[in-house]
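Please read the structure below before turning to the comments.
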Amino acid sequence: MRNLLITFLFVSSLNSTDYIDYLHPFHPTKSKEGMVVSQSALSSDIGVKILDMGGNAVDAAVAVGFSLATTLPRAGNLGGGGFMLIYIKEKDEIFYIDYRSKSPRNASIEKLLGVKKIPERNSERWERVDYTYLASAVPGTVYGLLEAHKNFGRLDLEEIMKPVIAQAEEGIAVSSDLSYVIGVTPQLKSDKESYSIYFKDKEPLKEFSIMKRPDLANTFKQISKNGIKGFYEGEVANKIVNAMSENNGLITHDDLKDYKSFFRMPIAINYKGHKVFTAAPPSGGGITLLTSLSILNNIDINKYKSDSTKTYHFLAESLRRGHNNRSHFVGDPDYFDVPISELLSTKRIKELVSSINSNKASPVKDVKAFKKQKESKDTTHFSIIDKEGNAVSNTYTLGLSFGSGVTIPGTGILMNSQMNNFAYRYGDKNDIGRGASPGNRFEPGKKPMSTMAPTIVFDKNDDLFLITGSPGGSDIPAAILRVITGVIDFNLDIGEATMLPRIHKDWPYEGLEHERAVSRDIIRRLKSMGHKTEYENTIGSTQSIHISEGVNYGFADLRRPNAAVSIQTN
53 MRNLLITFLF VSSLNSTDYI DYLHPFHPTK SKEGMVVSQS ALSSDIGVKI LDMGGNAVDA
113 AVAVGFSLAT TLPRAGNLGG GGFMLIYIKE KDEIFYIDYR SKSPRNASIE KLLGVKKIPE
173 RNSERWERVD YTYLASAVPG TVYGLLEAHK NFGRLDLEEI MKPVIAQAEE GIAVSSDLSY
233 VIGVTPQLKS DKESYSIYFK DKEPLKEFSI MKRPDLANTF KQISKNGIKG FYEGEVANKI
293 VNAMSENNGL ITHDDLKDYK SFFRMPIAIN YKGHKVFTAA PPSGGGITLL TSLSILNNID
353 INKYKSDSTK TYHFLAESLR RGHNNRSHFV GDPDYFDVPI SELLSTKRIK ELVSSINSNK
413 ASPVKDVKAF KKQKESKDTT HFSIIDKEGN AVSNTYTLGL SFGSGVTIPG TGILMNSQMN
473 NFAYRYGDKN DIGRGASPGN RFEPGKKPMS TMAPTIVFDK NDDLFLITGS PGGSDIPAAI
533 LRVITGVIDF NLDIGEATML PRIHKDWPYE GLEHERAVSR DIIRRLKSMG HKTEYENTIG
593 STQSIHISEG VNYGFADLRR PNAAVSIQTN
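Just so it is clear: in the sequence shown, position 395 is 447 by this note's numbering, and no numbers are missing.
Next up, the structure:
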């Protein structure tokens, strides 16, 4: 009996050492080779294919950017616009390309809304800048991607476009998510061309059916053969302009031919020894993110747990002030002198920090506006690094899910709904929020403000440290802030930092939005501090790469289906 007991204890001891446990279930993908993280596994794979062909991070970004128009049509696009950050290792330099869509030159409030006087908020007239041909600003995506390739790409454009064209021609298997979002997007039913693409037998394309896009493939071929002129002039441009003129749209040949993306200086701050770079105006999301981080530079959230009540409180208060900082004097820098240095100045940050009560939520009136709009959550982001250390952080959008719902006949191009992003209530003294922003007031030819904020971070040794970004409209800064603070302040790996429960607090709104994973106990405590909590299904969907000691750790946010990390294996 004694020998049996000893044997049992010995075996138990062996079993206890053999059991392998992990700190959390959100395991990053690890590699020293090139890596692509996007909201579509199919597009991530195409990016890695370009890297395997000898392309660099920019070549892969071009392929992924075009591929997502096929695999993620609600956000991936040719008919929208966005922002791209590029890090070139050899030059040790970071570049920012603004390819935001812009208002047609002949646009006016009367043409857009059908009335001279701005209608009430609940007026159906606002649908004109959401769901019709009037909703679309001049697309910038094609110009931006090709401008990046022209300046930093390695492979010929035709080589990059081959797998993109093949994917559109051969088609993709429709996922359950794609079938679902088609069915819940009413504007697709209103447009004859979109309906013919995304519906069959009066029903949304079914899961596992093959969606082939010959129309989109032909547009890709024009771009592959003729570059920028393949979209902004010639056959494709003719189809865009003809469809616009036949459907009361405003985009003309001159709008397309005159469109250009811009290289601008990114904006940056030092956050606890790390250099954080993000998109400058017309991005307001960059201002929000850096304002929030600057405030947190003055608060030691590291002494709390990553999911403590105080951490959520300080994140909320910093975000509220970040959104306040973008609400009045941020817009297209070609039309408005954005006071970036003043908005991010030590004086301004001190003013914002001084209004924070560590034990109580601040009322709207206590967050003073700097003295001197609704955006859809169906944007998408991807992050790329190649084996040489070059990197791309790119966020682009159609605006609403599937944009305006309008597809240009014969091209496969879904058009954006970005004309709804301007501040049409400029001058309205009863509107203290972004709807009356002087910086983002509507003007013909202007780019509307956006909360897109692709981000690249360098560590204390000036080595590339983090590539990240997110969709989510006004939620974007909150999602990115949570990832950055998770990695830097709480020393979490990128998987755990990504899956931390998120909150969002805007200005001048009272509510504090939170995901379901925030515990009831913490919600109760936040309410006792004066926060008016509101449940939100998910906040953002970050696609990130964390670089540590020469190893890349990628993680695709689980908040939206079908996102994936793809890596080089050779």
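A virtual CB, placed ideally from N, CA and C, is assigned to each residue, including glycine.
Here the structure is a predicted model, which is why all the values come from computation and not from measurement.
Check whether the Cβ atoms of D430 and A616 sit closer than 8 angstroms, and answer yes or no. no
So, with DSSP's three-state summary, where would you put E427? The pLDDT assigned to E427 is 49, lower than 50, so where the model puts this residue is not dependable, and the model offers no usable value.
Just checking my contact of S456 with D182 at CB under 8 angstroms: how many whole Å lie between their CB atoms? 7 angstroms
Kindly say whether T184, judged by its beta-carbon, lies nearer than 8 angstroms to any beta-carbon of chain C. Among the protein chains of the structure shown there is no chain C, as only one such chain exists.
Any chance the region 394 to 410 sits against the region 583 to 592, with 3 or more Cβ pairs inside 8 angstroms? no
Local conformation of P215 per DSSP, three classes: helix
Return the residue from the list G524, I292, G547, G525 that minimises the CA-CA distance to V535. Ranking G524, I292, G547, G525 by Cα distance to V535 puts G547 first.
Close beta carbons around T621, own chain, < 8 angstroms, minus the five adjacent residues each side: So the qualifying residues of the chain are E85.
Using 8 angstroms as the threshold, is the C-beta distance between A475 and S489 below it? It is a contact, given that the beta carbons lie within the stated cut-off.
Residues of its chain near P496, where Cβ-Cβ distance is below 6 angstroms and the 5 sequence neighbours each way are ignored: S155, R157, A159
Just mark K426 as buried or exposed, buried being the case when its beta carbon has 16 or more other beta carbons within 10 Å. Here K426 scores only 44 on pLDDT, less than 50, and its place in the model should not be relied on; the value that follows carries that caveat. Answer is exposed; the Cβ neighbour count stays below 16.
For a test of your reading of the model: does the CB of K168 fall under 7 angstroms from any non-hydrogen atom of the ligand GDP? Yes or no. Among the components of this structure there are no ligands whatsoever, and the ligand GDP is therefore not found.
Here's the rule I'm using: 16 or more other beta-carbon atoms within 10 Å means buried, otherwise exposed. How should N108 be labelled? By the 10 Å Cβ count, N108 comes out buried.
Given that a residue counts as buried once 16 or more other Cβ atoms are within 10 Å of its Cβ, and exposed if not, what is F260? Exposed.
Counted within 10 angstroms of its Cβ, other Cβ atoms place R265 as buried (16 or more) or exposed: buried
What is the DSSP secondary structure of V570, counted as helix, strand or coil? coil
Beta-carbon within less than 7 angstroms of K357's beta-carbon, same chain only, minus the 5 sequence neighbours each way: which residues are those? T363
Nearest to G131 by CA position, among I540, M467, D511, E567, is which residue? M467
Using only the alpha-carbon positions, how far apart do H76 and V509 sit? 24 angstroms
Under 8 angstroms between C-beta atoms of I347 and I401: yes
Residues in the same chain with beta-carbon distance under 7 angstroms from M581, minus the five sequence neighbours each way, listed in chain order, please. H365, N411, K412, A413
Got a sec? Which residues, its chain only, sit under 6 angstroms from K141 by beta carbon, not counting five neighbours each side? A distance below 6 angstroms between beta-carbons, with the five flanking residues on each side excluded, links K141 to the following residues of its chain, in chain order: E440, G441, N442.
Simplified DSSP assignment, three categories, for E145: strand
Best match in R152, L533, M136 for proximity to G451 [C-alpha to C-alpha]: R152
Beta bridge counterpart(s) of Q595 as assigned by DSSP: A608
Paired residues, beta bridge with P256 - DSSP: F251
If we call anything under 8 angstroms between Cβ atoms a contact, is T29 one with D144? Only positions 53 to 622 of the chain appear in this structure, which leaves residue 29 out of reach.
If we count the other Cβ atoms within 10 Å of its Cβ and call it buried at 16 or more, is Y284 buried or exposed? With 16 or more other Cβ atoms within 10 Å, it is buried.
Backbone CA spacing between K101 and S335 [nearest angstrom]: 31 angstroms
Based on DSSP bridge pairs, tell me the residues matched to N446. Answer is M136, F434.
Given I465 as reference, the closest of D359, G602, N270, E211 once Cα atoms are compared: N270
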